[in-house]
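Visitor: Handing you a structure now.
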């Protein structure tokens, strides 16, 4: 591969500079995405059409000069493939017409195999062909707890009362659903790897609303199972808002731990040791400031993470209304930064 | 005072049992509140009418048997008193027709004195009369960063891009506004104490969206100034989502640190030492479960915090749709729990 910085850092190898990419880089920050999105008119259609997903995945590669592509898809393709379809409502986000409330509901769900998410697998194959081994392609899935939260709650929520209540009131039922989601996710990620994904990332978007105890009980064991099933392919775990679980996450068989911007960098390095590479974590709001501020904040982040084991990213998906110049300034600052390499031991 | 458990624990004294109250206990969980709210039809009118605010404050006292009352008001009375009024929009929450974007906007703001929030001060006097020294009355205000966030953003937000961008792009401007808010808040809280508030709590609702560095720079110093100005009255600081700042918060001159439910209790005790009492932190979703679960989770929390220096509360304001039986079960469990007292040193 022409540029395998991401994979080398993920595997704990020293690289000549830090790799950089952005969560949600294939999306509304790009004018070419917004144009295509207007033409198609429906987010789920874009996800389900391999040619469109491929085009969107590739849009940021040359435009931004990132060190990795990430397949354009959605974490909610898994519930859909399990038999629980969703819709995307304007100004509200994903909504499930039917939700999971009982053992019977869970019994009716399929354990998804790759056929249920064939459109994303096909898109990965197309992207790999177009990339010509220039940079790695990242595959992804939602973490079981986050998928569970949507399937029980039926939509995004500030509180996720229904989903969390099931954990307290019916823990055995919750485990049954989490198990089924986990099996489906393992099939899905393995198919992504088979199709060409070079690294996979697990997004635990709603990690931060669980208590540490619940996270250890209902979230971490399932992520760990997924990581263990990925073979030699590196895995990144990004559990948003779960600073409390950082140490535990670093102990499961993953290679990279994603950090949101509220996590102190030195603390993160300290509690994760040298077991994993760290990914993140610039505050996405920095990119709304002028170049001087972006350069200063980016360089400070680069220094605080130290010279090795760092994949540069924001601490969250880039916000859709971020000025494109700010995004480019961030990436250019990372790519032109000269890290201080550790002294050679002779 | 008949029952001063809250004040004794806040001051670091040993008490015969742990005091318990709920954030948002005066609110929509109570049928009598919902009835009154329907009659009045407007939240801000309720806040601004001392007789109504008094009635609402007292509603949970007998109904729930809590160990403290908290004055019914709103953190956004401060922007209003400074010259930036707000409205409450259904399904959206507070909205400011005008927001702060420039130095000129800041210059036009008043430093509020107690006359701007006379309705809440009057309500406190009424409540104190009605309480007959039965239990303490808690006063409160928003923390300067949280108030700033609303004044610059104009409403609640997932990302607070405008408010946070000002911190990055115009830090001096941000400090000017934060200073003015802090001065206003000190006047306001002193007037609350003068009128009879026995303890004051500072709510930093949006603490958790700042990076640790920004929190130390733009949030903590102002909270510290407020705490230092409160004289002998105990102060509670509740910075939601700011687990990263726990150690720093315990070092400012406050008496109690509020914890949200995502914070590991033993970790919190460890990093705050014996400098402060801790308040919290049951997950509000527990109260949706059946009695067995509520009792189990509550007892576990009581044990994990240890026998002293603990004011019992939820880790967030009680959710409006919480079953009243669940709330009562929680309070009764706390009040009937027998803590293991530390051995007397002879």
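Residue numbers (our numbering), protein chains in the order written: chain Z, 766 to 1111; chain A, 766 to 1111. Note that CB positions come from ideal geometry on N, CA and C, so glycine has one too.
Whole angstroms are fine: how far does the CA of residue 790 of chain A sit from the CA of residue 884 of chain A?
Guide: Rounded to whole angstroms, residue 884 of chain A to residue 790 of chain A spans 20 Å at the Cα level.
Visitor: Straight-line CA distance for residue 1025 of chain Z to residue 923 of chain A?
Guide: 14 Å
Visitor: So, is the C-beta of residue 968 of chain Z closer than 9 Å to a C-beta in chain A?
Guide: Closer than 9 Å: no.
Visitor: Which bits of chain A does residue 1008 of chain Z rub up against, with CB to CB less than 8 Å?
Guide: 1008, 1009
Visitor: Would you kindly report the start and end of the unbroken beta strand (DSSP E) that includes residue 967 of chain Z?
Guide: Taken as a continuous stretch (DSSP letters only), the beta strand (DSSP E) holding residue 967 of chain Z covers 964-969.
Visitor: What residue does the beta strand (DSSP E) around residue 854 of chain Z start on, and which one ends it?
Guide: 852-854
Visitor: Can you list the residues of chain A that residue 1055 of chain Z reaches, using a CB-CB cut of under 7 Å?
Guide: When 7 Å is used as the limit between beta carbons, residue 1055 of chain Z is near these residues of chain A: 934, in chain order.
Visitor: Return the chain-ordered list of same chain residues with a C-beta closer than 8 Å to the C-beta of residue 911 of chain A, the five sequence neighbours on each side being excluded.
Guide: 840, 968, 969, 970, 971, 972
Visitor: Measure from the C-beta of residue 915 of chain A to each C-beta in chain Z and report whether the shortest distance is under 9 Å.
Guide: Judged by the 9 Å Cβ criterion, residue 915 of chain A is not in contact with chain Z.
Visitor: Could you check how far apart the C-beta atoms of residue 988 of chain A and residue 1017 of chain A are, in whole angstroms? I think they sit under 8 Å.
Guide: The Cβ separation is near 6 Å, so the contact holds.
Visitor: State the DSSP-derived secondary structure class of residue 1004 of chain Z, mapped to helix, strand or coil.
Guide: strand
Visitor: Evaluate the contact criterion for the region 938-951 of chain A versus the region 1070-1083 of chain Z: three or more CB pairs, one atom per stretch, below 8 Å.
Guide: no
Visitor: Output the boundary residues of the alpha helix (DSSP H) element that contains residue 1012 of chain A.
Guide: Residue 1012 of chain A -> alpha helix (DSSP H) spans 1011-1016.
Visitor: From residue 857 of chain A to residue 787 of chain Z, what does the alpha carbon distance come to, in whole angstroms?
Guide: 30 Å
Visitor: Are residue 827 of chain Z and residue 929 of chain A touching if we call contact CB-CB under 9 Å?
Guide: no
Visitor: Using a C-beta to C-beta distance shorter than 9 Å, which residues of chain Z count as neighbours of residue 926 of chain A?
Guide: Ordered by position in chain Z, the residues that pass the 9 Å Cβ test against residue 926 of chain A are 1049, 1050, 1053, 1084, 1086, 1087.
Visitor: How many Å lie between residue 981 of chain A and residue 812 of chain A at the Cα?
Guide: 32 Å
Visitor: Go ahead and pull the three-state DSSP assignment for residue 859 of chain A.
Guide: strand
Visitor: Using a beta-carbon distance cut-off of less than 9 Å, what residues from the region 974-997 of chain Z approach chain A?
Guide: 974, 975, 976, 977, 978, 979, 980
Visitor: What residues in the region 1010-1034 of chain A bring their beta carbon closer than 8 Å to a beta carbon of chain Z?
Guide: 1026, 1027, 1028, 1029, 1032
Visitor: In chain order, what residues of the same chain lie with their CB nearer than 8 Å to the CB of residue 1059 of chain A, ignoring the 5 residues before and after it?
Guide: 1051, 1052, 1091, 1094, 1095, 1098
Visitor: Assuming contact is defined by CB atoms lying nearer than 9 Å, are residue 904 of chain A and residue 964 of chain A in contact in what I supplied?
Guide: Yes, Cβ-Cβ distance for residue 904 of chain A and residue 964 of chain A is below 9 Å.
Visitor: Taking only beta-carbon positions, decide if residue 929 of chain A is within less than 9 Å of chain Z.
Guide: Answer yes: the Cβ-Cβ gap between residue 929 of chain A and chain Z drops below 9 Å somewhere.
Visitor: Taking 9 Å as the CB-CB limit, is residue 806 of chain A close to chain Z?
Guide: By this cut-off, residue 806 of chain A is not an interface position.
Visitor: Taking only runs of the beta strand (DSSP E) that begin and end inside the region 914-956 of chain A, which ones reach a length of at least 3 residues, in chain order?
Guide: Within the region 914-956 of chain A, no run of beta strand (DSSP E) reaches 3 residues while sitting entirely inside it.
Visitor: With residue 907 of chain A and residue 875 of chain A assumed to form a contact (beta carbons below 8 Å), what rounded beta-carbon distance in angstroms separates them?
Guide: No, residue 907 of chain A and residue 875 of chain A are not in contact; Cβ-Cβ is about 17 Å, not under 8 Å.
Visitor: By the three-class DSSP mapping on this structure, what secondary structure does residue 883 of chain Z have?
Guide: helix
Visitor: Taking the DSSP output, what are the residues bridged to residue 1043 of chain A?
Guide: A:1022, A:1075
Visitor: Taking buried to mean at least 16 other C-beta atoms within 10 Å of its own C-beta, is residue 744 of chain A buried or exposed?
Guide: Since the first residue of chain A shown is 766 and the last is 1111, residue 744 of chain A is not available in this structure.
Visitor: Between the Cα of residue 1101 of chain Z and the Cα atoms of Z:831, Z:935, Z:994, which residue gives the shortest distance?
Guide: Z:831
Visitor: What is the DSSP secondary structure of residue 871 of chain Z, reduced to helix, strand or coil?
Guide: helix
Visitor: Mapping DSSP to helix, strand and coil, what is residue 834 of chain Z?
Guide: Strand at residue 834 of chain Z.
Visitor: Is the Cβ of residue 854 of chain Z closer than 9 Å to any Cβ of chain A?
Guide: no
Visitor: Checking contacts by CB at 9 Å: is residue 1080 of chain A closer than that to chain Z?
Guide: Closer than 9 Å to some Cβ of chain Z, the Cβ of residue 1080 of chain A qualifies, so yes.
Visitor: What does DSSP give as the partner residue(s) for residue 865 of chain A in the beta ladder?
Guide: DSSP output for residue 865 of chain A lists no bridge partner at all.
Visitor: In terms of residues, what are the limits of the alpha helix (DSSP H) holding residue 1109 of chain A?
Guide: In the DSSP annotation of this structure, residue 1109 of chain A is not part of any alpha helix (DSSP H), being labelled neither H nor E.
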